[in-house]
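**Q** Be aware that the sequence shown starts at 1, since it is given in UniProt numbering, and climbs by one per residue.
In this text, a Cβ means the ideal position worked out from N, Cα and C, and glycines have one as well.
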Amino acid sequence: MDLLRSTRGVLSGSAALLMVTNLSFAPGDLDFYMPASQEQTSLAMAGKRLGFTLRRSSARTYENNMDIKRVHELVKGQKKMNIIVTKGENAVAAIFQFHTTVVMNMLTAAGLYCAYPDLTLKSWGVANLTVLLKDSSSSRRTRACYEKYRDRGVRIEKRVNNFPGLEHHECYVGAECPMTVRSTSDGKGLYAELFPPTVHERERREIDKYTTIWMLGGPMCSQGNTYCNGFTKSIPACTITVSMIPHYPDIGLAYLSKRRNRCS
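(1) With burial defined as no fewer than 16 other Cβ atoms inside 10 Å of the residue's Cβ, what is the status of V126: buried or exposed?
(2) In the stretch 36-61, which residue ranges form an unbroken alpha helix (DSSP H) of at least 4 residues, counting only runs that do not cross its ends?
(3) May I ask you to report which of helix, strand or coil DSSP gives E203?
(4) Helix, strand or coil for S12 per DSSP?
(5) In chain order, what residues of the same chain have a beta carbon less than 7 Å from the beta carbon of residue 265, not counting five sequence neighbours either side?
(6) Quick one: what's got a C-beta closer than 6 Å to F32's C-beta in the same chain, skipping five residues either side?
(7) Within 10 Å of its beta-carbon, does M34 have 16 or more other beta-carbons around it, so buried, or fewer, so exposed?
(8) Rounded to the nearest angstrom, what separates A15 and M215 at their Cα positions?
(9) Among K79, N161 and E176, which one has its Cα closest to the Cα of S222?
(10) What is the residue span of the alpha helix (DSSP H) that P27 lies within?
(11) Locate the alpha helix (DSSP H) running through T100, then write down its first and last residues.
(12) In this structure, what does DSSP give as the bridge partners for G125?
(13) Once the 5 residues before and after residue 296 are set aside, which same chain residues still bring their CB inside 6 Å of it?
(14) Would you kindly work out how many angstroms separate the C-alpha atoms of A46 and L3, rounded to a whole number?
(15) Might you give, ordered along the chain, the residues of its own chain that have their beta carbon closer than 7 Å to the beta carbon of M244, omitting 5 neighbours on each side?
(16) Could you tell me whether the Cβ atoms of D67 and A94 are closer together than 8 Å?
(17) Here's the rule I'm using: 16 or more other beta-carbon atoms within 10 Å means buried, otherwise exposed. How should N225 be labelled?
(18) Residues in the same chain with beta-carbon distance under 8 Å from G28, minus the five sequence neighbours each way, listed in chain order, please.
(19) Among the residues of its own chain, which have a CB less than 8 Å from the CB of E193, if the five just before and after it don't count?
(20) How about S123 and L23: do their beta carbons lie closer than 8 Å?
(21) I need the DSSP call for I68, collapsed to helix, strand or coil.
(22) Pick out whichever of H99, K87, L107 and G174 has its Cα sitting closest to the Cα of I156.
(23) Compare the C-alpha of S37 against each of K87, V75 and G51 and name the closest.
(24) Please say whether D118 and A44 have beta carbons closer to each other than 8 Å?
(25) For P236, is the classification buried or exposed, using 16 other Cβ atoms within 10 angstroms of its Cβ as the cut-off for buried?
Printed below as a string of structure tokens:
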């Protein structure tokens, strides 16, 4: 927890998924997402405090995630961890560009967050097809990720209405719908505070706190093969609230209403 507390980073990927489901598998590594300014601090802590050795660093694309700058792979005997450095100061934004909703979870220094609890707690996941639409060259790796999680017991569908009980969900509104504009502060995710912060930690975190707004996109629920591109946006929390989203021309509900006519 010291690593997360000192860097404003988050733990995500397979390890975070195991914390919110009853799935049983051994994660191959631990994925820590770090703000750009904390790259050297996180590497130093992983080496000096945790005893990990840097094996490889790369600036390759990572699941076609536009918010990722660099990936550091570290080892300690048979243990592996990745320090994934984001391009900005909001490490959370990268999580909502993952290949499926089932891994859109994170452990912070304060608690555990699950973006799609109605799906994830049942070991269900909606494929993030925007990842495939952006760059077809990444499709092989992304499809391999789908198969990996299917082998682990996750049911992955391209459309949320393929799941029982969600055939007639409330499109554009329901938390589980890919066409719904979501926010980390919209109350539709599941958050459990595990480590209440001290007053000092809370004040420090308020300075750098961000709200992440996203929409998965993909095939529109009721319009056959019509597709709509998703998006992710990071906004300083002090400048926007969820109720203000419709008033911004490039994000949120206004963004969605403009994009509906552009879907192809």
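**A** The relevant details are as follows:
(1) buried
(2) 39-48
(3) Low local confidence applies: a pLDDT of 46 at E203 is under 50, so the model's placement there is unreliable, with the coordinate-based value given in what follows. In this structure, E203 counts as helix in the three-state DSSP scheme.
(4) strand
(5) The question about residue 265 has no answer, for the chain in this structure spans 1 to 264.
(6) G9, L11 and I83
(7) buried
(8) 24 Å
(9) N161
(10) First-last for P27: undefined, no H or E at that position.
(11) First-last for T100: undefined, no H or E at that position.
(12) I156
(13) Because the chain spans 1 through 264 in this model, residue 296 falls outside it and cannot be assessed.
(14) 8 Å
(15) For M244, the predicted structure reports a pLDDT of 41, less than 50, and the residue's modelled location is therefore unreliable. A value from the coordinates is still provided. Answer for M244: no residue qualifies.
(16) yes
(17) exposed
(18) S14 and K80
(19) A110 and G111
(20) yes
(21) strand
(22) H99
(23) K87
(24) no
(25) exposed
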